[in-house]
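Numbering (my numbering), first residue to last: 3 to 174.
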Amino acid sequence: MCEAMMVMNAGNVNRKRLRSDEADGCFAMQRKTFVNQQMMDRQDTEKMKQIQAKTLSLLFQGAKKQSQTGAASIDGVKESLASVRLLGGGEVEYDLKSASGWLEKKPDRKCRLCDRMSMVHADCTNCNLELCEHCGVNCGYCPDKICLNCVRLFHCESHDKPCCEQCKMFAR
């Protein structure tokens with residue numbers, strides 16, 4: 003019987019990890035690190051040159067398209083908003099000579115601030131939030147538009163004569 007046990011144990015190999023020699027003193031901290039393809043590409047100079055060339059080509063293509071089509075339309079919108087005066091409560095006043103395009107304009111989308119359909123979409127000069135004819139008014143001293151929240155927050159003289167932060171420095 004003992005011989006049978008020895009024969010069975012002879013085929014078994016000890017698969018346990020042997021302890022490292024404690025006298026070596028090599029207990030260095032081991033850490034797991036995450037390495038992805040982007041980190042590997044950063045080390046490769048050829049790959050970085052390809053990425054830079056592609057970025058520059060896309061940048062110049064976009065600049066060409068913008069110079070051909072977009073620059074005039076952006077300036078036209080800003081210029082037409084200067085001739086529109088917001089009175090608050092959904093009332094709009096505009097100069098008929100310079101803003102004739104506003105006569106037939108209909109509300110096209112909802113305002114992000116008050117969630118009402120509106121036709122005027124501008125930015126508040128104080129807080130840079132979008133405003134419309136319902137939630138914004140013009141400054142009483144300049145053509146800039148400010149939201150009603152800023153009128154309340156910055157304690158303007160009255161709701162009838164609102165004042166933006168830039169004009170407030172010089173008004174008093």
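Every residue gets a Cβ at the ideal spot worked out from N, C-alpha and C, and that includes glycine.
Residue range of the beta strand (DSSP E) that residue i falls in?
i           : result
residue 151 : That residue, residue 151, is in no beta strand (DSSP E); its alpha helix (DSSP H) goes 150-155.
residue 138 : 138-140
With a threshold of 16 other CB atoms inside 10 Å of the CB of residue i, please say whether the residue is buried or exposed.
i           : result
residue 35  : exposed
residue 110 : exposed
residue 144 : exposed
residue 16  : exposed
residue 38  : exposed
residue 69  : exposed
residue 171 : exposed
Considering only the alpha carbon of each residue, which of the options lies closest to residue i?
i           : options           : result
residue 147 : 124, 112, 31, 53  : 124
residue 129 : 18, 49, 167       : 167
residue 136 : 117, 58, 169, 152 : 117
residue 134 : 157, 86, 38       : 86
residue 40  : 53, 60, 31        : 53
Are the beta-carbon atoms belonging to residue i and residue j less than 7 Å from one another?
i           : j           : result
residue 88  : residue 142 : no
residue 1   : residue 112 : With the chain represented from 3 up to 174, any question about residue 1 goes unanswered, as that position is not in the structure.
residue 132 : residue 154 : no
Starting from residue i, trace the alpha helix (DSSP H) both ways and give me its first and last residue.
i          : result
residue 42 : 39-45
Just to check my reading of the structure: residue i and residue j have Cβ atoms closer than 8 Å, yes? What is that Cβ distance to the nearest angstrom?
i          : j           : result
residue 1  : residue 149 : Lying outside 3 to 174, the shown extent of the chain, residue 1 is not represented and no answer is given.
residue 43 : residue 51  : With 8 Å as the limit, residue 43 and residue 51 do not qualify as a contact, their Cβ atoms being about 11 Å apart.
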